[in-house]
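**Q** The structure is given below, and queries will be raised subsequently.
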Amino acid sequence: STVLVSDMRFQVLVAAVFWSGFVDSRKVRGISSSYKRFYKERKSFLCIDGSKIIPFEQVNDDYCDCEDGSDEPGTSACPRGRFYCTNLGFRPHYIPSSRVNDGICDCCDASDEYNSPAHCQNTCWNLGQKERAYVEGQMRTLDEGLRLKQQLIEEGVLLWREKQAQLRELQQVAEDLQIKLEEHRRRKHEAERLKEQTLKALEAGDSGKGRILMHSCCNPYSITVDEVKAKVVLVHDEERLLSEDEALGLLGGGHQIDLTKFRRTLWDVLTRGDSVKVRSIKPHFQHPTLSAEWEATNLKKVEEAYETVNMEISDLRKKLAIDYGTDWEFLFLNSQCYKLQVYEYIYTLCPFNQVTQKNTAGTEVSLGTWGMWAGTPKNQYSQMVYENGEPCWQGGSRTTTVTLTCGTETALRSVKEPSKCQYIMDFQTPVACQPVLKQRGVHSEL
């Protein structure tokens, strides 16, 4: 009977050892569910890189057999090994196997310190709660940002149409001014021709012909009170004739003045048109020299107006040529500027224009002018590049890269200079929000 009892104890012990080994081999530490298929218990184990076949009992035996470290996922034996933290309730991740049982808690579920003196607590649930709250907040921000983005898209479409209409109006004004320009050039040419004929007639002594050309019986080299009363009116009351005293006042108190003095006094007053002006659109102070000067002044005014309109057209065309997004959603940023103070500097971002830096002394430095969009292929509108700023001491020109992030407000959030004269900015705006088909969050398995 004693022998029988001993045999039974031996069999139980063998069975216990067998089943213990079976359970341990089925529950291999440090692997994810996607890799479990490589660790099914069998007589042999094939290294995942296919380099070697070893007995299965050598898996997690704290000795590195496989070059890729796949035989020791739950120990620190292999220098290239990885340990998988399951972290139920939080995000799973890998750590280098060298951190297994090193006395420092790396996995929030404490699974990496299963055989160390460290007393690790499972903090995955608390971490998961915090991250889930953060993700929910981000989703709310995204929803609100997308709503605001739609409004800005609608405003952008209207603004684009307004700019196009403004361009058409300016082009029409330019065409009208072109016609006026040709007419004033013709008038100026005619006035100069008449002036030349008159002066030649006077030089030849043909006073009768000179007076006919000037339509006057008076001294051709002076302006009289009667001429001023006949040709000059008040700006605010064109119907009323000037009185004798008002005409004398314009002539400086005398009944007539010579042309030289006239050019220095009344002529300047008339060309400004502040208080008095000539009665007709095409004035003819009897002397042809004055008529030629008057036409030259009018031509200059039309030329200046024509040049101004053409400059406005050119500027507007440049603005309309910029890529403002597929739905013109970034158009509202044009002509806007956003500031941020970082220590002693004030940074200013004017989208599609320039970036500047100003110190406390008021000195302003260009950090670049608008260059291009430089985002990823999936979202080219995620980054702006501003280039060719002011030269850097012993270096190239300053440049700025602006990263656009989703937010419910449009504001400049941060500015850094990671390398010399190379600046990076974080610019938050609703139009940077992108729809997400599937939000990658935190799993909450328990």
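So in our numbering, spot 113 of the sequence shown is number 114, and the numbers just go up one at a time. Using N, Cα and C, we set each Cβ at its ideal position, and we do this for glycine too.
What separation, rounded to the nearest whole angstrom, lies between the Cα atoms of Ser-420 and Gln-429?
**A** 23 Å
**Q** Should the stretch 351 to 361 be regarded as contacting the stretch 323 to 337, the criterion being three or more beta carbon pairs within less than 8 Å?
**A** yes
**Q** When the Cα atoms are used, what is the spatial distance from Arg-38 to Gly-146?
**A** 44 Å
**Q** Just verifying my parser: in three-state terms, what is the DSSP assignment at Cys-407?
**A** DSSP places Cys-407 in strand when its eight states are reduced to three.
**Q** So, using beta-carbon positions, are Ala-111 and Cys-125 closer together than 7 Å?
**A** no
**Q** Please name the residue in Glu-193, Arg-100, Asp-66 and Glu-73 whose C-alpha comes closest to that of Ser-292.
**A** Glu-193
**Q** Mind checking whether Leu-178 and Tyr-307 have CB atoms under 7 Å apart?
**A** yes
**Q** Can you tell me where the beta strand (DSSP E) holding Gln-412 begins and where it ends?
**A** Per the sequence shown, residue 412 should be read as Ala rather than Gln. Unbroken beta strand (DSSP E) run through Ala-412: 412 to 420.
**Q** So is Tyr-382 buried or exposed if we call it buried at 16+ other beta carbons inside 10 Å?
**A** So Tyr-382 ends up on the buried side.
**Q** Find the nearest neighbour of Ala-433 within the set Ser-117, Lys-379, Gly-90 and Val-60, judged by alpha-carbon distance.
**A** Lys-379
**Q** Apply the 10 Å Cβ neighbour rule to Thr-327 and answer buried if 16 or more other Cβ atoms are within range, or exposed otherwise.
**A** exposed
**Q** Using the DSSP secondary-structure output, state which residues sit across from Gln-355 in a beta bridge.
**A** Cys-351 and Thr-370
**Q** Which residues bound the alpha helix (DSSP H) around Asp-246?
**A** Its alpha helix (DSSP H) spans residues 245 to 251.
**Q** With the cut-off set at 7 Å, would you say Ile-32 and Pro-74 are in Cβ contact?
**A** In this structure, Ile-32 sits near Pro-74, with a CB-CB distance shorter than 7 Å.
**Q** Could you tell me how far apart the beta carbons of Thr-401 and Asp-427 are, in whole angstroms, since I believe they sit closer than 8 Å?
**A** Incorrect: roughly 12 Å between the Cβ atoms, too far for contact.
**Q** So does the stretch 295 to 311 actually touch the stretch 179 to 199, counting three or more Cβ pairs closer than 8 Å?
**A** yes
**Q** For Ala-248, count neighbouring C-beta atoms within 10 Å of its own C-beta (all shown protein chains included) and say buried if the count is 16 or more, exposed if not.
**A** buried
**Q** On the criterion of 16 or more Cβ atoms from any shown chain inside 10 Å, does Gly-408 qualify as buried, or is it exposed?
**A** buried
**Q** Can you find the residues in the same chain that come closer than 7 Å, C-beta to C-beta, to Arg-43, ignoring five residues on each side of it along the sequence?
**A** Phe-57
**Q** Since Phe-333 is in the beta strand (DSSP E), which residue starts that stretch and which ends it?
**A** It is not in any beta strand (DSSP E) - Phe-333 carries neither H nor E in the DSSP assignment.
**Q** How would you label Tyr-85, buried or exposed, when you count the other beta carbons within 10 angstroms and need 16 or more for buried?
**A** buried
**Q** By Cβ distance, which residues of its chain are closer than 8 Å to Ile-96, with the 5 residues on each side in sequence left out?
**A** Arg-83, Phe-84, Cys-86, Asp-107, Cys-108 and Asp-113
**Q** Give the range of the beta strand (DSSP E) segment to which Arg-83 is assigned.
**A** 83 to 86
**Q** Curious, which full-length beta strand (DSSP E) runs of at least 3 residues does the stretch 24 to 111 contain?
**A** Runs found: 45 to 47, 54 to 56, 83 to 86 and 94 to 97.
**Q** Is the CB-CB distance between Leu-321 and Val-416 below 7 Å?
**A** no
**Q** Taking the alpha carbon of Gly-253 as the reference point, which residue from Ala-231, Ile-224 and Tyr-348 has its own alpha carbon closest?
**A** Ile-224
**Q** In the structure shown, what three-state DSSP assignment does Gln-257 receive?
**A** strand
**Q** What's the C-alpha gap between Arg-81 and Met-385?
**A** 40 Å
**Q** State the Cα-Cα distance for the pair Gln-130 and Ser-315, rounded to the nearest angstrom.
**A** Rounded to the nearest angstrom, the two C-alpha atoms are 56 Å apart.
**Q** Would you decide whether Gln-358 is buried or exposed? Buried here means 16 or more other CB atoms lie within 10 Å of its CB.
**A** Under this definition Gln-358 is a buried residue.
**Q** Check whether the Cβ atoms of Tyr-456 and Gly-372 lie closer than 7 Å to each other.
**A** This structure cannot settle anything about residue 456, because the visible part of the chain is limited to 2 through 447.
**Q** Do the CB positions of Asp-62 and Asp-50 come within less than 7 Å of each other?
**A** The criterion of a C-beta distance shorter than 7 Å is not satisfied by Asp-62 and Asp-50.
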